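Residue numbers for the sequence shown follow the numbering used here, beginning at 2 and rising by one.
A short worksheet on the structure shown next.
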Amino acid sequence: MEEMWLTDEEIFELTEQFGTPLYVYDEKTLRKRCQELHNLLPNKNFRVSYSAKANSNVEFLKIVKDEDIDVDAMSPGEIYTQQLAGFPKERIFFIPNNVSSEEMKYAIDRGILVSVDSLSQMKMYGQLNPGGKVAVRCNPSTGTGHHEKVVTAGKKTKFGIQTKYVDDVKKIAAEYKLNIVGINQHLGSLFLTPEPYVAGAKELLDIAKQFPGLKFIDFGGGFGMPYKENEGRLDLKKLSAELDKLFTEFLADYDNKNVIFQAEPGRYIAAECGILLGTVHTIKDNYDTEYVGTDLGFNVLKRPVMYDSYHSIHVAKKDTKAKDNTKHTYNIVGNICESGDIIAKQRELPHIDENDIIAVRDAGAYGFAMSSNYNCRLRPAEVLKELSGAFRLIRRRETFEDLVECYVLDTEQKNKKRA
Ligand SMILES: *Cc1c(COP(=O)(O)O)cnc(C)c1O
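What follows is the structure, encoded as structure tokens:
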């Protein structure tokens, strides 16, 4: 596990100034992760496209763009946000599933390349943009992932087009004069050894042989990072060597020697540069379980509840003189009215007091992006630790007015809202 990039002193400064819950991101870590992947295959025509659903903050996207990394969009809203961040149309790749023709047209009208995820969506695309360029999302027979909810290829997912339909794909392309410029896949999320990714890449390259003249082949994301204290890092050197070998073999018999090999990581780029800060409001014992009650409900960080995910916890002690060196086993819980609202289960941690700050590590990916207003809670603010070490607000905390912004209010209610 990497060292904390926030000191306790900084944690208290930040929580004093911006309150909690608070997401803090580290520009240095973000740039480092971008560079590692950008340089993964220096001897090949290789591009990285950041899967922005992991973290779509506009300032975050600007940094990624500055590191010469492209971007994947899953929805028109993501395209909108990415264009706002300054990504030109050539650097956005739209990989939706089950979209309406209006949503597909939104990308086509902006000259953004679309990946189709089924024969039915491919026909829709052909009708909307005959003669256009398109990418096809394949579904090889195996997937991977840290939880069944994030396995995105194989026999049990909704994604992609099965290999047995390659002839149908070609028929539809011919019917609408579509130019298939790329094929893509995404096996699933969070591999920590190269094997599953390399095996998946091999399968996709076999499919690619049936599509001469491709401009790119996109192997998807899923690059993992260690959430647990005792986990090792993904061996990028080994991954690089194995992919390089595979790509060299492929190029030997492929017609387009300039084909771009592409990856689309989300978590690897975003996770470790995010820390979520929350305040301890309550300590209690309930039938022999020690609970630490915080403002970190699952409206703020959903991963532990959604996937049983583990996030390492750091405790910043408000009063360091209150010396109680005993270790405790705590359940760290939030303020949402559901018993499943547990951010960390049965954790052995130093003695915790009210007003201590809980720092939830590796919260930069699928953290804020999955936050909600459940229980009419406000989404937190987001702060960036710049390279200089200065902190800058990049999204303000929501207000009660934000909560009712979309309701259709009568005059009396509108006056109350302003009051
Ligand atoms: C979510 C997603 C990714 C990124 O997954 P990570 O595990 O965050 O790297 C890549 N491609 C597609 C199509 C996705 O849906």
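A virtual CB, placed ideally from N, CA and C, is assigned to each residue, including glycine.
Note that the structure is predicted; figures quoted are calculated from it, not measured.
For G222, count neighbouring Cβ atoms within 10 angstroms of its own Cβ and tell me buried if that reaches 16, exposed if not.
buried
Report the three-state DSSP secondary structure of L15 (helix, strand or coil).
L15 falls in the helix class under three-state DSSP.
Do you know offhand how far M125's Cα is from G161's?
15 angstroms
Of the residues T412, Y331, Q263, which one's Cα is nearest the Cα of N40?
Checking every option, the nearest Cα to that of N40 belongs to Q263.
With three or more beta-carbon pairs closer than 8 angstroms as the criterion, would you say the stretch 20-36 touches the stretch 269-286?
yes
For S372, write down the residues that DSSP places opposite it in a beta bridge.
Beta-bridge analysis with DSSP links S372 to no other residue.
On a CA-only basis, which of V115, I96, S57, M75 is nearest G87? Give me that one, please.
S57
So F94 and L114 are in contact, right, with Cβ under 8 angstroms, and what is the actual spacing, rounded?
6 angstroms
Using the Cα positions of M105 and D254, report the straight-line distance between them to the nearest angstrom.
Across the structure, M105 and D254 are spaced so that their CA atoms are roughly 35 angstroms apart.
Is there at least one non-hydrogen atom of ligand 1 closer than 8 angstroms to the beta-carbon of M371?
Incorrect: M371 has no Cβ contact closer than 8 angstroms to ligand 1.
Roughly how many angstroms separate the alpha carbons of S190 and S52, rounded to a whole number?
11 angstroms
Which whole-angstrom value describes the C-beta separation of Y269 and L38, a residue pair presumed to lie in contact below a C-beta threshold of 8 angstroms?
7 angstroms
Flag P266 as yes when its Cβ comes closer than 8 angstroms to any non-hydrogen atom of ligand 1, and as no otherwise.
yes
Give me the Cα-Cα distance between H315 and N332, rounded to the nearest whole angstrom.
14 angstroms
Could you compute how far the alpha carbon of E1 sits from the alpha carbon of F392?
Nothing about residue 1 can be reported from this structure: the residues present for the chain run from 2 to 420 only.
My understanding is that I1 touches A108, with C-beta atoms under 8 angstroms, so please give their C-beta distance in whole angstroms.
An answer regarding residue 1 cannot be provided, because it is not within the stretch 2 to 420 covered by the chain.
G155: beta carbon under 8 angstroms from a heavy atom of ligand 1?
Answer for G155: no, Cβ out of range of ligand 1.
Verify whether the separation of the beta carbon atoms of K319 and N356 is less than 9 angstroms.
yes
Please indicate yes or no: does the CB of D71 lie closer than 8 angstroms to some heavy atom of ligand 1?
no
Does the distance from the CB of N287 to the CB of C338 come in under 9 angstroms?
Contact flag unset, no.
Since I believe N98 is in contact with K134 (beta carbons under 8 angstroms), could you give me their beta-carbon distance rounded to a whole number of angstroms?
Incorrect: roughly 19 angstroms between the Cβ atoms, too far for contact.
Thinking C-beta only, is P195 closer than 9 angstroms to E273?
no
Just confirm the distance between the C-beta atoms of D69 and S50, as a whole number of angstroms; I'd bet it's less than 8 angstroms.
So it is not a contact: roughly 11 angstroms between Cβ atoms.
Just tell me which of D73, N416, D67, S313 has its CA closest to the CA of Y228.
Out of D73, N416, D67, S313, S313 has the C-alpha closest to the C-alpha of Y228.
Roughly how many whole angstroms lie between the Cα atoms of M226 and M2?
9 angstroms
Closer than 8 angstroms to a non-hydrogen atom of ligand 1 - does that hold for the CB of K54?
yes
The alpha helix (DSSP H) spanning T412 covers which residue range?
412-419
To the nearest angstrom, how far is the alpha carbon of R34 from that of I64?
Between R34 and I64, the C-alpha separation is close to 11 angstroms.
Taking only the alpha-carbon atoms, compute the straight-line gap between V306 and D342 and give it to the nearest angstrom.
7 angstroms
Would you please state the rounded distance, in angstroms, between the beta carbons of E399 and L379? I believe it to be under 8 angstroms.
About 4 angstroms separates the Cβ atoms of E399 and L379, confirming a contact at the 8 angstroms cut-off.
Among residues of its own chain, excluding the 5 on either side of N46, which ones have a beta-carbon nearer than 8 angstroms to its beta-carbon?
N259, V260, I261, F262
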